[in-house]
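Below is one structure, written out as structure tokens, with a few remarks after it.
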Amino acid sequence: MPVSEAPLSAPLNVGFDYTRSTGPVLGRFVEALRERRIEGVRGSDGRVHVPPPEYDPATAEPLTEFVPVAAEGEVVSWSWCAAPLDGQPLSRPFAWVLVKLDGADTSLLHALDAGSPENVHTGQRVRVRWADETVGHIRDIAYFLPVDAADTTPTEDPPPVAKREEGAPVSVIITPVHLRYQHSASPEESRYLRGLAEGRLLGQRCPACGKVYIPPRGACPVDGVPTTDEVELPDTGIVTTFCIVNVPFLGQRLKPPYVAAYILLDGADIAFLHLVLGCAAEEVRMGMRVRAAWKPREEWWTSLENISHFEPTGEPDAAYETFAHHL
Amino acid sequence: MPEVAVAGFAQAPNVRETAGTTNGVEMLVPILAEVFAATGLSKQDIGFWCSGSSDYLAGRAFSFIAAVDAIGAFPPIHESHVEMDAAWALYEAWLKIRTGEVDTALVYGFGKASAGQLRRVLALQLDPYVLAPLWPDSLSLAGLQARLGLEAGLWSEKDLAEVAARARADATDNPAAQLSGRVDVAELLDTPYVADPLRTHDIAPVTDGAAVLVLASAERARDLVDRPAILTGVEHRVDSPVLGARDLTRSPSTEAAARALDLDGVELAELHAPFTHQELILRRALGLNGDVRISPSGGALTGNPMFSAGLARIGEAAARIHRGEAGKTLAHATSGPVLQQNLLAVLEAR
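In the order they appear, the protein sequences are chains H and L. Under the UniProt record's numbering, think of the first position of the first sequence as 1, with each following residue one higher. Under the UniProt record's numbering, think of the first position of the second sequence as 1, with each following residue one higher.
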């Protein structure tokens, strides 16, 4: 095993605007919020649930009897949030509260803008602070305020809204989700990526079965042991299988048609995906010999992007039998 | 139907942060080797594989696929996955052996909770319409639950600190634990609130970890371990996801699961309680008498590797039987927010 440096690590930020159909119960609830009203639903035991579940929590019967409730109520429990996180209703310290609205029998979770924990207590009377712009989303309730507090602070921008006909009820809500991670490559992957920055193609061999993997793996999928012996591979190999991309899609870098292929480097036991350019798409075939076309050295970094694409060498094709077991 | 036994257990150290990947391979490879060495099995002997983990911890779709390398998935194996604590993967494996389809199974769970911001990531397991868009963090939700019990007189802040102190003292015998040692209850009560009414000691530490457990039919297990831990009962239940409609000071799902089991004669119970007050809720729900030793490993408060802490509770309860330290034990696992889903397993030496 080569002397190990710390694995490569980098921030990984992911985001997606989750778009969801609301259905008849939640649709009516968020539609009412857009009109600055709150509606609950009556459960099979007679209790009024706010927010409304679609099915009774006890009997699983569908619930359909809507009941208007007040935008004012009392705190059932609370917890102080001294350092708010991204996406929470307030960016200044606040209390999470379970609020039982007047006319409801269950409680709603939301934020209470109270300044400090000394200003919060169970049984406290609170009221809804509506968002300055309501769109039909739980965030139309910007937060709660002590019942006699003034609305002095503008509320945040509303979440994005799905397209809908003018005057149509809310049938879809959009909730943006953004998460931040610190992603780490494995020690084996880190060796490989650092090799690429030097223009080297480093694989590793499984100590049990002798297969050579590029990129090397944290564990051999046959034997379940980490790959260890380093193997430097040439930048020549063959196309094992391929497809011609004819369909344009968002973010595409090349103009179709072009070829995405599995490239099996000479001496490797696993193929990886790359581009085959430098000939007409219809000329690419299984067994075709190819060589890496490297980008200029000054553009190299710890990425397989250092190889712009593979192109035909003009050598005779490899016989099918020589690579059939790699398909 | 064949009875099922736990025949082997291993866990990775419960640490605040590993340098490894989110696919868990680095944590899993050594502990898989450990259970194979202890049971004399090899991967060819395993009839079924099942794991628990979460894409949201890794920040990638289908992240558990990469972990399959650690078990050696070629030639093809019979494998499954749950997006829950691996205790629920154990349930699936237990069923598979009960049906007679296989006579061995390997269950594993893993999670690198340190890669993201755990208390925020966990908001995404909540209702996606009325809760998750507010990003309520897991600590704050537990704080709401703890206060309900404090104000109802069910427990005091001192009771909570005593739970934490006992857990850390017990963990001094557990080399895998992240937190351990003697702490003074009065000193704990002098520390500041993190999510008022909860303090640092009330909250399980963010933990990276993994666990592996080998199941076998009772007949097969006798060849693998001297004192197999027979799973004489496994039950799991779920409570409503509507937080405001539940009595958060109780755990009806745990109570219902316990009613379906024979808990008479249980000597110790490994409880998966990531917050001090949740241990008190579980103890009441299980109706255990004062002689039953609670979480002698230190429990989740001394190391809570996401998606394997529940499986590890079953492993710890089984290991006491393997070592001849107990004849009948109980293990509990939880998944979801504020004890929403709960699984119980009774283990016995026979």
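Here a beta-carbon is modelled for each residue, glycine too, at the ideal position from N, C-alpha and C.
| query | result |
| --- | --- |
| Say whether chain L places a C-beta atom closer than 9 Å to the C-beta of Ser77/H. | yes |
| Report the neighbours of Ala185/H on chain L: residues whose CB is nearer than 8 Å to its CB, in chain order. | Thr21 |
| Taking the beta strand (DSSP E) that Gln44/L belongs to, which residues open and close that run? | First-last for Gln44/L: undefined, no H or E at that position. |
| Closer than 9 Å, CB to CB, is Leu243/L near chain H or not? | yes |
| Does the beta-carbon distance from Ala312/L to Leu268/L come in below 9 Å? | no |
| Does the Cβ of Pro11/H have 16 or more other Cβ atoms within 10 Å, making it buried, or fewer, making it exposed? | exposed |
| Please classify Ser190/H: does DSSP put it in a helix, a strand, or coil? | helix |
| I'd like to know whether the C-beta atoms of residue 351/L and Ala210/L end up nearer to each other than 9 Å. | Coverage of chain L is limited to positions 1 through 350, which leaves residue 351/L absent and any answer about it impossible. |
| Three-state secondary structure (DSSP) at Ile321/L? | helix |
| List, in order along the chain, the chain H residues whose C-beta lies closer than 7 Å to that of Arg147/L? | Ser77, Trp78, Ser79 |
| Are Pro21/H and Val172/H closer than 9 Å when you measure CB to CB? | Pro is not the amino acid found at residue 21/H; the sequence shown has Ser there. Cβ atoms of Ser21/H and Val172/H: closer than 9 Å. |
| Reducing DSSP to helix, strand and coil, say where Leu301/L ends up. | helix |
| Does the beta-carbon distance from Cys206/H to Val225/H come in below 9 Å? | yes |
| I want to verify the contact list: residues of chain L whose CB lies under 8 Å from the CB of His137/H, in sequence order. | Pro133 |
| Any idea if Met1/H is buried or exposed, counting beta-carbon neighbours within 10 angstroms, 16 or more meaning buried? | At Met1/H the pLDDT is 45, less than 50, meaning the model places this residue with poor confidence and gives no usable figure here. |
| Can you say whether Val41/H is buried or exposed, counting buried as having 16 or more other CB atoms within 10 angstroms of its CB? | buried |
| Any residues in the region 48 to 65 of chain H with a beta carbon nearer than 7 Å to a beta carbon of chain L? Which ones, in chain order? | His49, Pro51, Pro53, Pro57 |
| Taking Glu26/L as the query, report the chain H residues whose CB atoms sit under 7 Å from its CB, ordered along the chain. | Ser186, Gly218 |
| Using a Cβ-Cβ cut-off of less than 9 Å, give me the residues of the region 99 to 122 of chain L that come near chain H, in sequence order. | Lys112, Ser114, Ala115, Gly116, Gln117, Arg119, Arg120, Val121 |
| Beta carbons nearer than 9 Å to chain H: which residues of the region 193 to 212 of chain L have them? | Tyr193, Val194, Ala195, Asp196, Pro197, Leu198 |
| With a 10 Å radius around its C-beta and 16 neighbouring C-beta atoms as the bar for buried, classify Gly244/L as buried or exposed. | buried |
| Would you please verify whether the beta carbon of Met1/H is less than 9 Å from any beta carbon of chain L? | Reliability of the predicted coordinates at Met1/H is poor, the pLDDT of 45 falling under 50, and the value obtained from them is presented with this limitation in mind. No - not a single Cβ of chain L is within 9 Å of the one on Met1/H. |
| Within 10 Å of its beta-carbon, does Pro337/L have 16 or more other beta-carbons around it, so buried, or fewer, so exposed? | buried |
| For chain L, find out if any of its Cβ atoms is closer than 9 Å to the Cβ of Asp223/H; answer yes or no. | yes |
| Measuring only between beta-carbons, confirm whether residue 329/H sits less than 9 Å from chain L. | Because chain H here runs from 1 to 327, residue 329/H falls outside it and cannot be looked at. |
| Quick one: using the 10 Å Cβ neighbour count with 16 as the cut-off for buried, is Val68/L buried or exposed? | buried |
| With DSSP run on the structure shown, which of helix, strand or coil describes Pro146/H? | strand |
| Where do the ends of the beta strand (DSSP E) carrying Ala165/L lie? | Here Ala165/L belongs to no beta strand (DSSP E); instead the alpha helix (DSSP H) covers 157 to 170. |
| From Tyr181/H to Gly314/H, what does the alpha carbon distance come to, in whole angstroms? | 45 Å |
| If you draw a straight line from the C-alpha of Leu179/H to the C-alpha of Val14/H, how long is it? | 5 Å |
| Pull up the distance between the alpha-carbon of Gln204/H and that of Phe323/H, whole angstroms please. | 20 Å |
| Residues of chain H with a CB under 8 Å from the CB of Pro128/L: which are they? | Tyr18, Arg20, Thr175 |
| Please list the partners that Pro117/H has in chain L, where partner means a Cβ-to-Cβ separation under 7 Å. | Asp196 |
| Going by the C-beta, is Glu298/H closer than 8 Å to any heavy atom of the ligand SAM? | For the structure depicted, the ligand SAM is absent and the ligand set is empty, with no information on it obtainable. |
| May I ask you to report which of helix, strand or coil DSSP gives Arg289/H? | strand |
| Would Ile65/L be called buried (16 or more neighbouring beta carbons within 10 Å of its own) or exposed? | exposed |
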